[in-house]
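**Student:** 0 is the number of the first residue of the sequence shown in numbering that gives the first Met the number 0; add one for each residue after it.
Yeah, the Cβ is synthetic: ideal placement off N, Cα and C, and Gly gets one too.
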Amino acid sequence: MAPISRSSEHDETRPLLEDVTENDRSLPKMQVALLCAARATEVIAFFTIFPYVNQMIADMGGVPPAEVGFWSGWIESMFSLTSMVVMLFWGRVSDNVGRKPVLTACLFGMAVTTAAFGLAGSVWQMIALRSLAGAFGGATVTVRTMLSENSTPRTQARAFSLFQFAANVGIFIGPLIGGALVTPTEQFPGLFGSIQLLRDYRYFLPGFVTGSLTAAVAFANLLWLNETLPDQTSDLRKQAPPSMKQIFASPGVIPVLVIFLYCFLLSFFITALFPVFYFTPIELGGFGLPPPQISFFVALIGVSQACWLLFAFPPLQRRFGTANVLRGCAIAWPLTYATMPVLNAVLRTGHTTAFWVAAPAASVLMGGVSMAYAGVQLALNDVSPSPLAFGTLNGIAQSLTSGERAFAPAFITAVYAYGVTRQILSGYLGWIVLIVLSCGFGLTPLWIPAKSDARRVSESYQRPD
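Structural data, given as structure tokens:
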């Protein structure tokens, strides 16, 4: 793929602050808060079952202990696969009938299916309910689209840093709800012991609480969220949304989609690999940590990502531009991956104190690459051929990333396990693969296009307050 030519006037490396017009306005706080709440609850709904899904499968009976992991993997894969199928549909619907109806419908559907998951009586029912939850995964597409339409070139970096922060909040809270409320009649007999429903369905309460929270956010969006799709009477709305063919033919769309997918593929790899690596014994290539210390590192990375996104990304993006931020992340990515085998080598040589000084610092610095997730979203916004294509283009991107999420964890953990069991490269095979792949990502910012004429149309479009 040849690099797209740039013009000095619209080079993406220039600060977006230079493009500020008199019509730029601050972010509508209420609207952004509602959208971020929707994003957080959707992520909470996804992660709530993680602490107990394996035990729930084992308690169903009929599944040998050695096969529990296989079936839990299928349950998560089906969520991603159904999301992949429907994402484009939801994006297209939002471009035709409106963003708000799609968002509220998806949130209500997610609320019901999440609450019902704990009522499943068999593994197949668990798979079916999780697949239905994935079918209502269009909230992510719509939230991304509406944040784009509620922001301006000057404020979009802040909007999407808040979007990523909301996701981090969901990743943190979801497992807490699942672990704290599972089997409540056993954990809190004085409080829940007399409730027959919770005695019969030991895994119902965390899903019910999460579903209720999601439903409450859905009601809030239904009442107070403003529609951002252009009004039917506006000149822009009289136009038909661009077709799929027109979107893919638009300048820069395919290169930016490739960059978007590459970025999130690396994200899915590392999210799956970290817990396994932290648990792996030191002599086999890991950190050999107990669960409380694993939780410490996972939480530390989550907090550091939130700080990088909230406090570092917006000013860096304004000063240096989206492409240069992505270039910085591309340079840092393989370097941060390389620190993991080095830290294991430190432990193998018995330098425990040095490890506990260096490992937390490395985790904080590693959180900085999360700025790439917001950066690729801004690049995607820039190549949208029209405001009427935001939903479809985000639907395409999310559909493809859902497909990645269906296979990426299984792939990288299998490569890692193969390297560890055979002690290939001292158990570092998985990290070597990730370092090589992340070096490849360093080439992708070359193809970030200059702002297209379609983007200038988008900038001049008067969005609703």
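Taking only runs of the alpha helix (DSSP H) that begin and end inside the segment 359 to 438, which ones reach a length of at least 4 residues, in chain order?
**Tutor:** Runs of the alpha helix (DSSP H) inside the segment 359 to 438: 370 to 381, 389 to 420.
**Student:** If you reduce the DSSP assignment to three classes, tell me which class F49 lands in.
**Tutor:** Coil at F49, not helix or strand.
**Student:** Helix, strand or coil: which one does DSSP assign to N22?
**Tutor:** Summary for N22: the model assigns pLDDT 45, below 50, so the residue's position carries little reliability; its value from the coordinates is reported in the next sentence. Coil, per DSSP.
**Student:** Just how far apart, CA to CA, sit M77 and A353?
**Tutor:** Distance between the alpha carbons of M77 and A353 is about 42 Å.
**Student:** Do N220 and L325 have their C-beta atoms closer together than 8 Å?
**Tutor:** No, Cβ-Cβ distance for N220 and L325 is not below 8 Å.
**Student:** Does the segment 327 to 340 come close enough to the segment 384 to 400 to have 3 or more Cβ pairs within less than 8 Å?
**Tutor:** Segments in contact, no.
**Student:** How would you call V163, buried or exposed, if buried means at least 16 neighbouring beta carbons within 10 angstroms?
**Tutor:** The sequence given here places Gln at residue 163; Val does not occur at that position. That one is buried.
**Student:** Give a yes or no on whether the C-beta atoms belonging to V208 and G137 are separated by under 8 Å.
**Tutor:** No; because the gap between Cβ atoms is not below 8 Å, this pair is not in contact.
**Student:** Does the beta-carbon of D94 have 16 or more other beta-carbons within 10 angstroms, so that it is buried, or is it exposed?
**Tutor:** Classification of D94: buried, given that the 10 Å Cβ count is 16 or more.
**Student:** For F273 and W430, I'd like the C-alpha separation in whole angstroms.
**Tutor:** Roughly 10 Å between the two C-alpha positions.
**Student:** Taking the alpha-carbon positions, what's the Y336 to I330 distance?
**Tutor:** Using only the alpha carbons, I get a separation of about 11 Å.
**Student:** Around the Cβ of S121, are there at least 16 other Cβ atoms within 10 angstroms (buried) or fewer (exposed)?
**Tutor:** Exposed, because fewer than 16 other Cβ atoms sit within 10 Å of the Cβ of S121.
**Student:** Can you tell me whether G177 is buried or exposed, with buried defined as 16 or more other CB within 10 angstroms of its CB?
**Tutor:** Answer is buried; the Cβ neighbour count reaches 16.
**Student:** Can you find the residues in the same chain that come closer than 6 Å, C-beta to C-beta, to A134, ignoring five residues on each side of it along the sequence?
**Tutor:** These residues qualify, in order along the chain: T81, V85.
**Student:** Do you know whose CA, among Q155, T139, I172, L197, lies nearest G117's CA?
**Tutor:** With distances taken between Cα atoms, G117 lies closest to L197.
**Student:** Quick check on T232: buried or exposed, where buried means 16 or more other Cβ atoms within 10 Å of its Cβ?
**Tutor:** In this prediction, T232 has a pLDDT of 46, which is less than 50 and means its spatial position is unreliable; what the coordinates show is noted afterwards. With fewer than 16 Cβ atoms within 10 Å of its Cβ, T232 is classed as exposed.
**Student:** Just list the alpha helix (DSSP H) runs in the segment 166 to 213, keeping only unbroken ones of 4 residues or longer that don't cross its boundaries, in chain order.
**Tutor:** The qualifying runs are 183 to 186, 188 to 191, 195 to 199.
**Student:** Expressed to the nearest angstrom, what Euclidean distance is found between the alpha-carbon atoms of C328 and A413?
**Tutor:** So the two alpha carbons sit approximately 26 Å from each other.
**Student:** Helix, strand or coil for T351, going by three-state DSSP, please let me know.
**Tutor:** DSSP places T351 in helix when its eight states are reduced to three.
**Student:** What three-state label does DSSP hand T232 in the structure shown?
**Tutor:** Residue confidence is low: T232 scores 46 on pLDDT, short of 50, so the model does not pin down where it sits. Its coordinate-derived value is still stated next. In the structure shown, T232 sits in coil (DSSP, three-state: anything other than H, G, I, E or B).
**Student:** For a quick check, are the C-beta atoms of G366 and S303 less than 8 Å apart?
**Tutor:** Cβ atoms of G366 and S303: closer than 8 Å.
**Student:** DSSP on P100, reduced to helix/strand/coil?
**Tutor:** Of the three classes helix, strand and coil, the one that applies to P100 here is helix, per DSSP.
**Student:** Going by DSSP in three states, P63 sits in which element: helix, strand or coil?
**Tutor:** Here P63 sits in coil by DSSP.
**Student:** Under the rule that 16 or more other beta-carbon atoms within 10 Å means buried, what is G439, buried or exposed?
**Tutor:** Exposed: under 16 other Cβ atoms inside 10 Å.
**Student:** Short of 6 Å in beta carbon distance, which residues of its chain neighbour G206, apart from the five on each side in sequence? Order them along the chain.
**Tutor:** Same-chain partners within the cutoff: T113, A114, F116, G117.
**Student:** What is the C-beta distance between N393 and T144, in whole angstroms, given that I count them as a contact (C-beta under 8 Å)?
**Tutor:** Between T144 and N393 the Cβ distance is about 5 Å, and since that is below 8 Å, they are a contact.
**Student:** Assuming G477 and F46 make a contact with CB atoms under 8 Å, what is their CB distance in whole Å?
**Tutor:** Residue 477 is absent from the model: the chain starts at 0 and stops at 464.
**Student:** Assuming F389 and E41 make a contact with CB atoms under 8 Å, what is their CB distance in whole Å?
**Tutor:** In fact, because the Cβ distance is near 18 Å, the residues do not count as touching under 8 Å.
**Student:** Do Q54 and S224 have their beta-carbon atoms positioned less than 8 Å apart in this structure?
**Tutor:** Note on residue identity: the sequence assigns Leu, not Ser, to residue 224. No.
**Student:** If we call anything under 8 Å between Cβ atoms a contact, is E226 one with R91?
**Tutor:** Against a cut-off of 8 Å, the Cβ pair of R91 and E226 comes out as no contact.
**Student:** With 16 as the cutoff for other CB atoms within 10 Å, does E21 come out buried or exposed?
**Tutor:** In this prediction, E21 scores a pLDDT of 36, lower than 50, which makes its location untrustworthy; no coordinate-derived value is stated.
**Student:** Among L26, F295, L128, which has the Cα closest to the Cα of I48?
**Tutor:** The shortest C-alpha separation from I48 is found at L128.
**Student:** Mapping DSSP to helix, strand and coil, what is A219?
**Tutor:** Helix.
**Student:** M83 and A405 look like a contact to me (Cβ under 8 Å); what is the Cβ gap, rounded to whole Å?
**Tutor:** About 7 Å separates the two Cβ atoms, so the contact holds.
**Student:** By alpha-carbon positions, which one of W89, F218, P254 ends up nearest to N380?
**Tutor:** Nearest of W89, F218, P254 to N380, Cα basis: P254.
**Student:** Consult DSSP for P289 and reduce its assignment to one of helix, strand or coil.
**Tutor:** P289 falls in the coil class under three-state DSSP.
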